[in-house]
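S.K.: Residue numbering for the sequence shown follows our numbering, starting at -2 and increasing by one per position.
All C-beta atoms, glycine included, are put in the ideal place defined by N, C-alpha and C.
What you are looking at is a predicted structure, and each value in this text was computed from that prediction instead of being measured.
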Amino acid sequence: MADAAEGGAMRRGRNETEEERADRMWQELIQEVRVAQMGVQILFGFLLTVVFTEKYDDLSGTDQTIYLVTVVLGACATGALIGPVSLHRLVSGRRVKPQAVRLASRLTLLGLVLLLATTTSSLLLILRVATHDGFVPFLVAGVVAWYLLCWFVLPLWTRHRYTSR
-2 MADAAEGGAM RRGRNETEEE RADRMWQELI QEVRVAQMGV QILFGFLLTV
48 VFTEKYDDLS GTDQTIYLVT VVLGACATGA LIGPVSLHRL VSGRRVKPQA
98 VRLASRLTLL GLVLLLATTT SSLLLILRVA THDGFVPFLV AGVVAWYLLC
148 WFVLPLWTRH RYTSR
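#1: If you run the structure through DSSP and keep just helix, strand and coil, what is residue 129?
#2: Is the stretch 83 to 100 touching the stretch 53 to 62, taking contact as three or more C-beta pairs under 8 Å?
#3: Under 9 Å between the Cβ atoms of residue 41 and residue 19?
#4: Three-state secondary structure (DSSP) at residue 56?
#5: Work out the CA separation of residue 95 and residue 14 for me, nearest whole Å.
#6: For residue 16, which of helix, strand or coil comes out of DSSP?
#7: Tell me which residues share the same chain as residue 63 and place their Cβ nearer than 8 Å to its Cβ, disregarding the 5 neighbours each side in the sequence.
#8: What is the DSSP secondary structure of residue 49, counted as helix, strand or coil?
#9: When burial is assigned at 16 or more other CB atoms within 10 Å of the CB, is residue 7 buried or exposed?
#10: Cβ atoms of residue 48 and residue 66: under 9 Å apart, would you say?
#11: I'd like the list of long-range same chain contacts for residue 98, defined as Cβ closer than 7 Å, with 5 residues on each side in sequence excluded.
#12: Hey, residue 34 and residue 75: beta-carbon distance below 9 Å or not?
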């Protein structure tokens, strides 16, 4: 253990090359994307069927607009979360994995933001149709706050709190 410490400070991090780090980060990113892809694809698939139901014609103009915005957001989220797979396939073997990992990571983060927007507008539409009550915006805001806390605030706090500069 004495070899691992120099001047009383423990060595942090991994001893890996840029390519090894890119390989590890790519594997981690793909596992994360799989989880998000599943959720967005199920939600998007469900949204695509709504327009073909009898209830759709009964929706107010505002609710139909919310629905259309939700479908477009779902399509964009799906594209962003599937993007890393396409990116990997098209650049595989071109010796650009570190750059591809950075770009795929950005696409994934964008996909999560779009998934947040899709889920928010879906929840708004469902609660407006189900209840017609004035508390719906407050309930949706509470759920969005929860998502923001779970998806962004806690991870960013953890990053700030436990990483060294």
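M.R.: So, from the data block:
#1: Note: residue 129 maps to coil in three-state DSSP.
#2: Contact between the stretch 83 to 100 and the stretch 53 to 62 is not established, with fewer than three Cβ pairs separated by less than 8 Å.
#3: In this structure, residue 19 does not lie closer than 9 Å to residue 41 by Cβ.
#4: The answer is coil: DSSP assigns residue 56 none of H, G, I, E or B.
#5: Per the coordinates, the alpha-carbon of residue 14 lies some 11 Å from the alpha-carbon of residue 95.
#6: Residue state, collapsed to three classes: helix.
#7: Excluding the 5 residues flanking it on each side, residue 63 has same chain C-beta neighbours closer than 8 Å at 118, 121, 122, 125, in chain order.
#8: Looking at residue 49 - three-state DSSP - the assignment turns out to be coil, as it is neither helix nor strand.
#9: The pLDDT assigned to residue 7 is 46, lower than 50, so where the model puts this residue is not dependable; a value taken from the coordinates is nonetheless given after this. Flag for residue 7 reads exposed.
#10: No, these two residues do not count as a Cβ contact at 9 Å.
#11: Hits under 7 Å: 19, 22, 23, 26.
#12: If you check the CB distance, residue 34 and residue 75 come in under 9 Å.
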